[in-house]
Amino acid sequence: MRTLFAVVALAGACIGAALAGEAKTAGQKYPAFEVGMLNDAALEEMPSGVLAKVNDKKITKKYLEAKIAEAPAEEKEMFEQTRPFLLAQLVQREALLAVARREGFVKEGADETAENSAIQAMVKKRVEGVKVTDEELRKLYEKHKGELGGASFDESKEMLREYLTNQKQQEILTGFLKEVSRDTKVSVNEKWAAEQNAMLTDNPLDKGRQSGKITMVEFGADWCGPCKQLAPIIKEVEKEQKDINVVVINVDKNRELSLRYAVRNLPTLVYFDADGKEVYRQEGLTTKKDIVSKLESIRKGKAAGEAAPDDEVHKLAPFEE
Numbered sequence: 004m005r006t007l008f009a010v011v012a013l014a015g016a017c018i019g020a021a022l023a024g025e026a027k028t029a030g031q032k033y034p035a036f037e038v039g040m041l042n043d044a045a046l047e048e049m050p051s052g053v054l055a056k057v058n059d060k061k062i063t064k065k066y067l068e069a070k071i072a073e074a075p076a077e078e079k080e081m082f083e084q085t086r087p088f089l090l091a092q093l094v095q096r097e098a099l100l101a102v103a104r105r106e107g108f109v110k111e112g113a114d115e116t117a118e119n120s121a122i123q124a125m126v127k128k129r130v131e132g133v134k135v136t137d138e139e140l141r142k143l144y145e146k147h148k149g150e151l152g153g154a155s156f157d158e159s160k161e162m163l164r165e166y167l168t169n170q171k172q173q174e175i176l177t178g179f180l181k182e183v184s185r186d187t188k189v190s191v192n193e194k195w196a197a198e199q200n201a202m203l204t205d206n207p208l209d210k211g212r213q214s215g216k217i218t219m220v221e222f223g224a225d226w227c228g229p230c231k232q233l234a235p236i237i238k239e240v241e242k243e244q245k246d247i248n249v250v251v252i253n254v255d256k257n258r259e260l261s262l263r264y265a266v267r268n269l270p271t272l273v274y275f276d277a278d279g280k281e282v283y284r285q286e287g288l289t290t291k292k293d294i295v296s297k298l299e300s301i302r303k304g305k306a307a308g309e310a311a312p313d314d315e316v317h318k319l320a321p322f323e324e
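With our numbering, letter number 284 in the sequence shown gets 287, and the count goes up by one each step, no holes.
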């Protein structure tokens with residue numbers, strides 16, 4: 004299973020393709036499908052055994068369930084609880100595989116393992132030759148030297164080079180995945196989507212998003228030190244801010260939600276406006292003053308969303324402890 008989705012971890016994100024017209028997409032109609040290419044997929048009536056179509060390629064229920072069955076024990080339960088998330092990964096794989104075939108990376112008669120290797124080779128080629136100048140490194144050092152524990156520029160140089168190289172590679176891959184998404188037609192079985200959504204959105208987070216009120220969600224864990232520091236602040240905010248929903252999610256007990264909402268670090272605060280749209284995202288410990296300030300901005304309709312993910316980007320890589 005990890006081999007199948009290694010390209011997801013390398014790419015880091017899956018980009019949704021915009022659809023014309025007024026019909027609701029899978030993600031617009033069903034919150035559980037706001038992930039990857041499923042977010043902007045068309046909803047179609049399909050035979051019960053077909054879950055999605057990627058261009059002319061069908062992804063069947065049998066295939067998805069087989070992937071769950073062959074997953075390692077620690078991942079099996081997670082995928083059983085997040086079938087749309089797994090389907091999004093299978094859809095992304097098919098879209099990338101189609102490009103790999105067109106560009107000659109896939110040999111005739113290749114099996115699934117060879118296809119995955121071809122996708123990885125194609126993605127890797129996209130980021131080859133990325134260079135970082137000393138001037139860029141110096142600027143990055145000056146911006147963050149207060150966070151480097153007193154390390155000099157020379158001592159920090161290689162670490163900064165690795166960071167900036169990865170950042171540039173990610174930008175290239177994000178642009179590439181946007182192109183792939185624009186050129187890929189994806190549709191989802193509407194009946195199956197409705198069934199999955201009903202099961203996966205019966206939780207405080209999704210109910211809050213659909214309540215017509217501002218919702219602030221904290222993703223944390225019992226073992227997370229900064230989460231423990233943030234807990235009393237969250238309680239104070241909940242007590243004082245009567246007009247908002249405050250939801251606390253333990254990622255160990257709600258793995259599916261941490262996947263759907265692309266939680267990578269703890270604690271993570273995610274803010275939704277009254278329409279259920281994510282407008283801010285904060286990682287790490289923060290202050291009560293900052294939280295209240297963001298809530299006030301949302302109330303006034305001035306939320307800039309500077310910390311929220313790109314609206315077109317729906318990360319697929321799982322949370323990393």
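Note that beta-carbon positions come from the ideal geometry of N, C-alpha and C, so glycine has one too. Just so we're clear, the structure is a prediction, and the values are computed from it rather than from any experiment.
Check your understanding: Does any heavy atom of the ligand SAM sit closer than 8 angstroms to the C-beta of Q213?
Key -> For the structure depicted, the ligand SAM is absent and the ligand set is empty, with no information on it obtainable.
**Study point:** K56, buried or exposed, once every other Cβ within 10 Å from all chains shown has been counted against 16
**Key:** If you number the sequence shown from 1, residue 56 lands on position 53. Classification of K56: buried, given that the 10 Å Cβ count is 16 or more.
Check your understanding: DSSP on G178, reduced to helix/strand/coil?
Key -> As a position in the sequence shown, residue 178 is number 175, starting the count at 1. The answer is helix: DSSP assigns G178 an H, G or I state.
Check your understanding: Based on the DSSP output, what are the partners of E80 in its beta bridges?
Key -> As a working mapping, residue 80 is identified with position 77 in the sequence shown. Paired residue(s): none; E80 is not in a bridge.
Review point. What is the residue span of the alpha helix (DSSP H) that V109 lies within?
Key: Taking the sequence shown and counting its residues from 1, the one referred to as residue 109 is at position 106. Careful: V109 lies outside any alpha helix (DSSP H) and carries neither H nor E.
Exercise for review: Whole angstroms is fine: what's the gap from R104's alpha carbon to A45's?
Suggested key: Here residue 104 corresponds to residue number 101 of the sequence shown, with the count starting at 1. Here residue 45 corresponds to residue number 42 of the sequence shown, with the count starting at 1. Separation of R104 and A45 (C-alpha to C-alpha, rounded to the nearest whole angstrom) is 24 angstroms.
Point to revise | G287 to N268 span [Cα, whole Å] | key: For the purposes of this step, residue 287 is identified with residue 284 of the sequence shown, where counting begins at 1. For the purposes of this step, residue 268 is identified with residue 265 of the sequence shown, where counting begins at 1. Each residue's Cα considered, the two are about 7 angstroms apart.
Review point. Run through DSSP, which three-state label would F156 get?
Key: Numbered from its first residue, the sequence shown carries residue 156 at position 153. F156 falls in the helix class under three-state DSSP.
Point to revise | For R258, the nearest candidate out of E241, L203, K110 and L67 (CA to CA) | key: Position 255 of the sequence shown, counting from 1, holds the residue named residue 258. That would be L203, whose Cα lies nearest to the Cα of R258.
Review point. With burial defined as no fewer than 16 other Cβ atoms inside 10 Å of the residue's Cβ, what is the status of R263: buried or exposed?
Key: For the purposes of this step, residue 263 is identified with residue 260 of the sequence shown, where counting begins at 1. Looking at its Cβ environment, which holds 16 or more other Cβ atoms inside 10 Å, R263 is buried.
**Study point:** Outcome for W226 when other beta-carbon atoms lying within 10 angstroms are tallied against a minimum of 16
**Key:** Numbered from its first residue, the sequence shown carries residue 226 at position 223. Exposed, by the Cβ-count rule.
Check your understanding: If you count every other CB in all the chains shown that lies within 10 Å of the CB of E80, and 16 or more means buried, which is it?
Key -> On the sequence shown, residue 80 is found 77 positions in, with the first residue counted as 1. Its Cβ having fewer than 16 others within 10 Å, E80 is exposed.
Exercise for review: Below 8 angstroms on the Cβ atoms is my guess for Y33 versus A196; work out the distance and round it to an integer in Å.
Suggested key: By 1-based counting over the sequence shown, the position of residue 33 is 30. By 1-based counting over the sequence shown, the position of residue 196 is 193. The Cβ separation is near 5 angstroms, so the contact holds.
Check your understanding: With DSSP run on the structure shown, which of helix, strand or coil describes S214?
Key -> Taking the first residue of the sequence shown as position 1, residue 214 is located at position 211. S214 falls in the coil class under three-state DSSP.
Review point. In the structure shown, what three-state DSSP assignment does K238 receive?
Key: Taking the first residue of the sequence shown as position 1, residue 238 is located at position 235. Looking at K238 - three-state DSSP - the assignment turns out to be helix.
Exercise for review: Check whether the Cβ atoms of V94 and I71 lie closer than 9 angstroms to each other.
Suggested key: Numbered from 1 along the sequence shown, position 91 holds the residue referred to as residue 94. Numbered from 1 along the sequence shown, position 68 holds the residue referred to as residue 71. No, Cβ-Cβ distance for V94 and I71 is not below 9 angstroms.
Check your understanding: Apart from the five residues on each side of it in sequence, which residues of its chain come closer than 7 angstroms, Cβ to Cβ, to K60?
Key -> Numbered from 1 along the sequence shown, position 57 holds the residue referred to as residue 60. These residues qualify, in order along the chain: E97.
Practice item. Assign P50 to one of two classes, buried (16 or more other C-beta atoms within 10 Å of its C-beta) or exposed (fewer than that). Key: Mapped onto the sequence shown, residue 50 falls at position 47. Flag for P50 reads exposed.
Review point. At what residues does the beta strand (DSSP E) containing R284 begin and finish?
Key: Locating residue 284 in the sequence shown gives position 281, counting from the first residue. E281 to E286 is the extent of the beta strand (DSSP E) around R284.
Exercise for review: Give the range of the alpha helix (DSSP H) segment to which A224 is assigned.
Suggested key: Taking the sequence shown and counting its residues from 1, one reaches residue 224 at position 221. No alpha helix (DSSP H) contains A224, which DSSP labels as neither H nor E.
Practice item. Take A124 as the anchor and find which of G107, K171, L54 and G112 has the nearest alpha-carbon. Key: Position 121 of the sequence shown holds residue 124. Comparing Cα-Cα distances from A124 to each of G107, K171, L54 and G112, the minimum goes to G107.
Practice item. Rounded to whole angstroms, what's the CA-CA distance from A113 to G178? Just pull it up for me. Key: The residue you call residue 113 lines up with position 110 of the sequence shown. The residue you call residue 178 lines up with position 175 of the sequence shown. Cα-Cα distance, rounded: 27 angstroms.
Review point. Which two residues bound the contiguous alpha helix (DSSP H) that contains A196?
Key: The count along the sequence shown starts at 1 and reaches residue 196 at position 193. From DSSP, the alpha helix (DSSP H) with A196 extends over E193 to L203.
Practice item. Output the boundary residues of the beta strand (DSSP E) element that contains K61. Key: Start at 1 with the first residue of the sequence shown, and residue 61 comes out as number 58. Run containing K61: K60 to T63, per the beta strand (DSSP E) assignment.
Practice item. Specify whether the region 171-189 and the region 125-145 touch according to this definition: at least 3 beta carbon pairs, one from each stretch, less than 8 angstroms apart. Key: yes
Point to revise | Rounded straight-line distance, which links the Cα of A201 to that of A35 | key: As a first step, residue 35 is located in the sequence shown; it is residue number 32 there, counting from the start. As a first step, residue 201 is located in the sequence shown; it is residue number 198 there, counting from the start. Going by the C-alpha atoms only, they are around 9 angstroms apart.
Check your understanding: Should E174 go down as buried or exposed, given a rule of 16 or more other Cβ atoms within 10 Å for buried?
Key -> Numbered from 1 along the sequence shown, position 171 holds the residue referred to as residue 174. Classification for E174: exposed.
Check your understanding: Roughly how many whole angstroms lie between the Cα atoms of E111 and E118?
Key -> Reading the sequence shown from its first residue, position 108 is the one you call residue 111. Reading the sequence shown from its first residue, position 115 is the one you call residue 118. In this structure, the straight-line span from the alpha carbon of E111 to that of E118 is close to 10 angstroms.
Point to revise | L269 - DSSP class collapsed to helix/strand/coil | key: Residue mapping note: residue 269 aligns to position 266 of the sequence shown, counting from 1. L269: coil per DSSP, three-state reduction.
Review point. Taking the beta strand (DSSP E) that E131 falls in, what are its first and last residues?
Key: Looking up residue 131 in the sequence shown gives position 128. Taken as a continuous stretch (DSSP letters only), E131 belongs to no beta strand (DSSP E), as it is neither H nor E.
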